[in-house]
Each structure stands twice: as C-alpha cells, then as structure tokens.
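**Student:** So the sequence lines, in the order shown, correspond to chains A and B. With numbering that gives the first Met the number 0 as the guide, the letters of the first sequence map in order to residues 0 to 387. With numbering that gives the first Met the number 0 as the guide, the letters of the second sequence map in order to residues 0 to 142. Think of the CB as a built atom: it goes at the ideal place given N, C-alpha and C, for glycine as much as any other residue. Predicted model, so just to flag it, every value in this text is computed and none were measured.
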Amino acid sequence: MLLVEPQTHTALPSNRAEWLDRHLARVCILSELTAIQFRNAEEKYHAVGDWLAADGSSLAVFAPEVYPQGSMLLGTTVRPYGQSEYDLDLVCQLHWCAQQPPLTIYDWVHQRMAANETYLEMLEKLKRCLRLNYAGSFHLDILPACPNDRIGNGSIIVPDRKLECWKHSNPKGFAAWFLEQCRLRDQLAERMLKASVEPLPSAVPSEYKFPLQRIVQLMKRHRDIYFSGGRDIARSVILTTLAGRFYGGQRSLSLALEGVLDGIHFAMEATPTVPRVENPTHPGEDFADTWDQAKYERFKSYIRNFRTELKALLYPSLTEQRMGLEKSTERLGHLFGSDRVNDAIRIEANELNERRNGGKLGIAAGGVLTAISQAGSAAVPRNQFFGR
Amino acid sequence: MNRIKTIGIRDQAAWVRSRNPGFHCDVTGGLLTCRGRLQPGPMNATYEVVIQYRVGTWPKVYVPGDQLRPLEPGGKIPHTYAPTEPCLFYPSRTSWRSDMKLSHTIIPWLSLWLTFYEMWRATGEWHGGGISHGAVKELEPAA
C-alpha cells in the first residue's frame, strides 16, 4: 500500500541532505500508523475506557481513565520489523486504589473486560498487562495503574513484571518532556503546534511530525534491523531519551539525525563503563539498569554503525558518488530495510511522474531536473520512453 | 495544416550551448554532435553523454562506454536501442518535430531517463513508463 506524503514540496531537492530528508520522511510514513489507523485505534481505546467506566461496571467507583502511553502518545509508532501489527500501549488508570496489591487491580480490570463478549474473544492475559488483539492491524496492551499521590503531576504506579509490587511510572510527564524537546529549538514548529495541537501532550496524528519524532522512528527502525529481534534489543525509551537529550533543533531531518548520532557517539566513546540513562522526568530512575558491559558495547556499535552509514550517505566518497542512487539505496536498505526503501523510491518516482505529466517539471542549466517554478528553468515537454 | 518551422542545425547547437554551458557542439557536413556531462539530481552519478542530430532524422543520444549497465551480465536495460543508446521518445510526428529545440526536449528527457535508469538499478523496477518496441512499426522522421 502506498501513502501520500502530507507535505508537498514545490522544489526538487537540490542537495543530498534535502533528498535524504524527504526519503527518510517517506520511510517513516511507510512505517507508522496511518491517520485512519490512528483514529481507529483511538476510537477503540475510548470504547474500552467507556466500558470500564460505564454504569454498572464494578470499576466505576474507581473512575477509570484509559489513555495512550509510549509511542502512540509520543507520535513515534513504528510497525515492528517483519510484522503487520502495531503494539499500542495504554494505561488504564484507576483512582483511590494505591492501597490494593497489583494483582488485585489486574484481576479487577480483567474481570470487567471479560464481562464484555466482544472483548472476551480477543482478550489475552499477558504478564502485567491485558492485550486486546485487533487481528491484522494492531493490539492494545492495557496496563492497569493507580495514581502516585505522593508525587502527583501525572505520576502513576504500575505493577512490576511479576505483579508483586508497584513501580513508579509517568508516561504523561515523559511525553510532556519529549514534546518540549521537540519544540525546544524549533520556532516554526512551535508556531505550528500552537495552531494545530492543544498545548498539553496529546497523541499526535501522523500528519504533524517534528524532526525529533521522525528521528526516534528512524532510530527504532534501524534498531529493529540491527538487533534483529535479539534479547538484548535496546529499549525504545532509551532511544527516545537519548534522542531528546542530544537533539540540536536542526531543521533538516537528516542533519538533525546526524547531530543526535554524533552527540550520543561522542558521549559514549568518552564513557567506557556502563552509563546511567536517567529518566528526565524522574531522576533516580535508570532506564539502562539492565545493561551490562556486553549490552552497552552492543548499543555503542549500533550507534556507531548508524552514524557511519548516515555520514556516508550525506558525504559520500568520490567513488560512491559515481555509483549514484544505487549505492545510496544499498546503504539505506542496510539501515531501514530494502522493502521500505524501495517503496519510498516508488513514491518519489510517482511524484516525479506527476510533475512530468502536469507540466510542472523543469530543467535548469546543466541538465539538472528541477521544479518549473524555479528561476531559470524551462518546462520539460511530455515524452514517452520507447523500447522494451 | 500548419507548416513546421524547422530549426536550423547551427541554431540547435547554439541553444544546446546556451542552456548547457559545459557542452561542446560541433557541426560537420550537416551532422551536429554535442558532448557534455549530465547529473540529473544530487543523488545521481554524472554521465558523459553524446547527442547527434541531422535535420530530417530523429535525434540520437548515446551514453558511451560502460556507464550504463544491465542488472546481470548480458541482460537488457529497459528502454534502450543498444546498451549505450537510450530511447527517449516514441518516434512519431507528434512526439518530436524539427521545430523543437534539442536543449528543451532531448536533454531534459535524457536527464529524466537517467533518473529512472538509476532507480531501476537501485530497485529493479522501471518507474518511467513508456511504450514497448514491437507494438509499432518504425515511422518516418518528421522533417
């Protein structure tokens, strides 16, 4: 399935960074929830929230509230490599419940969900969350939670992996920090955000994306390929935190990504032993607390590899430049998977053909293809390539 | 029917040179030969190209040497007459006429062809469209 790019460019890219910006954005668009899927998922989780809070629900007294966390809240969804279904994480937050053991809360939510015939059929009990399987499109993982009144500010407690005790979490706080990083140094983006999205962190549909959101998507996509499903795969929250910390606000996606990878690379090269990756909204919590030296080295080599490939794409050797698009596509394929990259090339070709058929393709001195609006360009008449 | 105002060979050469300052053009015995380099876009290689044209014939373009390569040895490159000769247009009286400037048709079409050629090299798919050989008989050039 091909998707239309929401952004329309009047000019053709005039340098490698500009070409990469568009190509990378296409790779992201091909990997994320479409606007329709996004709204569909939203409707589904609102319905879950309504069911849990409905009159007659055993949970109604706890005023349950269902909201997205993780990539759906951050606008950084990426379809898992080689799969067609997205993982979407939701919080089912109850109130006045922090005195109960996690297992009890988990069971209450499960009982209420199972009382609905539709949900019962697609409900699955996972270790600490409940999963609703919408076959072929996504699954919703619902994590029961209670407010953390000691800290407040959107803080919650969630069951630990074994449902034995409560653990601190703050998905809303983390999203607020992330969106702040997105806007931090981007004046134009800030204006756009004010005009289009409420100031509070809210789930961001795919049409509106900041470079930092795209960077996280690209890092996740390359991570999925680099670690190829291994057990030591780097957590998304680590990628998101590091990207947010080292993002410099460059307007160009490819140059901003280069800046992030440079930042992480140099920081890690200067840190031989396993570092802490602190939760920016909850100092003291280390996202990398499961890293040992081997996992850390693996993460460093993932960053090093990503950075080397991106630099070669932006600043190719003369030999590589002579090999043209073929070599760049090969490198992009290593980074993000050749299927996705070939689809992105197909979209680029479609755009070029639209310009061509609409009389909007021009040629500048030296035979460089350009947009007809560009000064000094002459319109290219239509032609039909001949021959087998 | 309107008569076509054929552009003379020296005017064709002048247009090519003024639109493409790096090109060298030469007219010998009514045959125009233009040589130059084309890089269609920032990600593309730079190609040495040759354009030959004589009033009353179809313009021909060559990408000499082994600059163009099939996907496997002995394979076919789409939309070519020969491994060094792209087919830029369907030879009919409406697609190219002698009142058209080489600089405004043949050269941009070659840039486009090279763009699609590189996409084909990269992905194995030809996205440039076109008409197949065999479906039509060779037609007389429009002069």
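Which residues bound the beta strand (DSSP E) around A:Ala363?
**Tutor:** To locate residue 363 of chain A, count along the first sequence from 1; it is residue 364. Here the beta strand (DSSP E) through A:Ala363 covers Leu360 to Ala363.
**Student:** Mind reading off the beta-carbon distance from A:Phe209 to A:Thr240? Whole number of angstroms is fine, and I expect it under 8 Å.
**Tutor:** Numbered from its first residue, the first sequence carries residue 209 of chain A at position 210. Numbered from its first residue, the first sequence carries residue 240 of chain A at position 241. With 8 Å as the limit, A:Phe209 and A:Thr240 do not qualify as a contact, their Cβ atoms being about 16 Å apart.
**Student:** Can you tell which of B:Thr122, B:Pro82 and B:Asp25 has the C-alpha that lies nearest to the C-alpha of B:Tyr52?
**Tutor:** Position 53 of the second sequence, counting from 1, holds the residue named residue 52 of chain B. Looking at the Cα atoms, B:Asp25 is the closest of the given residues.
**Student:** Where does the unbroken beta strand (DSSP E) through B:Arg34 begin, and where does it stop?
**Tutor:** Position 35 of the second sequence, counting from 1, holds the residue named residue 34 of chain B. Here the beta strand (DSSP E) through B:Arg34 covers Leu30 to Leu37.
**Student:** Do we get a CB-CB distance below 7 Å when we pair B:Ala12 with the residues of chain A?
**Tutor:** Taking the second sequence and counting its residues from 1, the one referred to as residue 12 of chain B is at position 13. Not one chain A Cβ lies under 7 Å of B:Ala12.
**Student:** Just the Cα atoms here: how many angstroms apart are B:Glu84 and B:Tyr46?
**Tutor:** Within the second sequence, residue 84 of chain B is the residue found at index 85, counting from 1. Within the second sequence, residue 46 of chain B is the residue found at index 47, counting from 1. Roughly 13 Å separates the two Cα atoms.
**Student:** Rounded to the nearest angstrom, what separates A:Ala364 and A:Gly323 at their Cα positions?
**Tutor:** Sequence index remark: in the first sequence, residue 364 of chain A carries index 365 (1-based). Sequence index remark: in the first sequence, residue 323 of chain A carries index 324 (1-based). Cα-Cα distance, rounded: 20 Å.
**Student:** Go to A:Gln110, then tell me how far its alpha helix (DSSP H) extends in each direction, as first and last residue.
**Tutor:** Here residue 110 of chain A corresponds to residue number 111 of the first sequence, with the count starting at 1. Element bounds for A:Gln110: Pro101 to Ala113.
**Student:** Give me the Cα-Cα distance between A:Pro271 and A:Gly55, rounded to the nearest whole angstrom.
**Tutor:** Along the first sequence, read from residue 1 onward, the residue named residue 271 of chain A stands at position 272. Along the first sequence, read from residue 1 onward, the residue named residue 55 of chain A stands at position 56. Cα to Cα, the separation comes out at about 58 Å.
**Student:** Tell me whether A:Val65 is buried or exposed, calling it buried when 16 or more other Cβ atoms sit within 10 Å of its Cβ.
**Tutor:** In the first sequence, residue 65 of chain A corresponds to position 66, counting from 1. That one is buried.
**Student:** I believe A:Arg220 touches A:Ser30 by the beta-carbon criterion, under 8 Å. Please report the beta-carbon distance rounded to the nearest angstrom.
**Tutor:** The residue you call residue 220 of chain A lines up with position 221 of the first sequence. The residue you call residue 30 of chain A lines up with position 31 of the first sequence. The pair is a contact, with the Cβ atoms about 6 Å apart (cut-off 8 Å).
**Student:** Give the DSSP-derived three-state secondary structure of A:Ala242 in the structure shown.
**Tutor:** If you number the first sequence from 1, residue 242 of chain A lands on position 243. Reduced to three states, the DSSP call for A:Ala242 is helix.
**Student:** From B:Glu71 to B:Arg18, what does the alpha carbon distance come to, in whole angstroms?
**Tutor:** Along the second sequence, one-based indexing puts residue 71 of chain B at 72. Along the second sequence, one-based indexing puts residue 18 of chain B at 19. Computed Cα separation, rounded: 36 Å.
**Student:** Look up A:His264 in the DSSP assignment and give the residues it is bridged to.
**Tutor:** For the purposes of this step, residue 264 of chain A is taken as the residue at position 265 of the first sequence. Per DSSP, none; premise fails for A:His264.
**Student:** Considering Cα atoms alone, identify which of A:Leu142, A:Pro274, A:Arg182 and A:Ser227 is closest to A:Gly81.
**Tutor:** In the first sequence, the residue the question calls residue 81 of chain A occupies position 82. For the residues A:Leu142, A:Pro274, A:Arg182 and A:Ser227, the minimum Cα distance to A:Gly81 belongs to A:Ser227.
**Student:** How would you call A:Thr397, buried or exposed, if buried means at least 16 neighbouring beta carbons within 10 angstroms?
**Tutor:** This structure cannot speak to residue 397 of chain A, because chain A is shown only from 0 to 387.
**Student:** Does the region 239–257 of chain A come close enough to the region 14–21 of chain A that 3 or more CB-CB pairs lie under 8 Å?
**Tutor:** yes
**Student:** Just checking: is the beta-carbon of A:Thr328 within a distance shorter than 7 Å of some beta-carbon in chain B?
**Tutor:** Taking the first residue of the first sequence as position 1, residue 328 of chain A is located at position 329. So, interface residue.
**Student:** By how many angstroms is the C-alpha of B:Leu111 removed from the C-alpha of B:His23?
**Tutor:** By 1-based counting over the second sequence, the position of residue 23 of chain B is 24. By 1-based counting over the second sequence, the position of residue 111 of chain B is 112. The straight-line gap from Cα to Cα measures roughly 21 Å.
**Student:** What does B:Pro90 touch in chain A if you count any residue whose Cβ is under 9 Å from its own?
**Tutor:** Start at 1 with the first residue of the second sequence, and residue 90 of chain B comes out as number 91. Those within 9 Å of B:Pro90 in chain A are Phe385.
**Student:** State the Cα-Cα distance for the pair A:Asn304 and A:Leu312, rounded to the nearest angstrom.
**Tutor:** Taking the first residue of the first sequence as position 1, residue 304 of chain A is located at position 305. Taking the first residue of the first sequence as position 1, residue 312 of chain A is located at position 313. Distance between the alpha carbons of A:Asn304 and A:Leu312: 12 Å.
**Student:** Go to A:Pro146, then tell me how far its beta strand (DSSP E) extends in each direction, as first and last residue.
**Tutor:** Counting from one through the first sequence, the residue named residue 146 of chain A turns up at place 147. Unbroken beta strand (DSSP E) run through A:Pro146: Phe137 to Pro146.
**Student:** Start and end of the beta strand (DSSP E) containing A:Lys171?
**Tutor:** Start at 1 with the first residue of the first sequence, and residue 171 of chain A comes out as number 172. Element bounds for A:Lys171: not the beta strand (DSSP E) but the alpha helix (DSSP H), Pro170 to Leu183.
**Student:** If the criterion is Cβ atoms closer than 7 Å, does the pair A:Val77 and A:Gln216 meet it?
**Tutor:** The residue labelled residue 77 of chain A in the question sits at position 78 within the first sequence. The residue labelled residue 216 of chain A in the question sits at position 217 within the first sequence. Closer than 7 Å, so yes.
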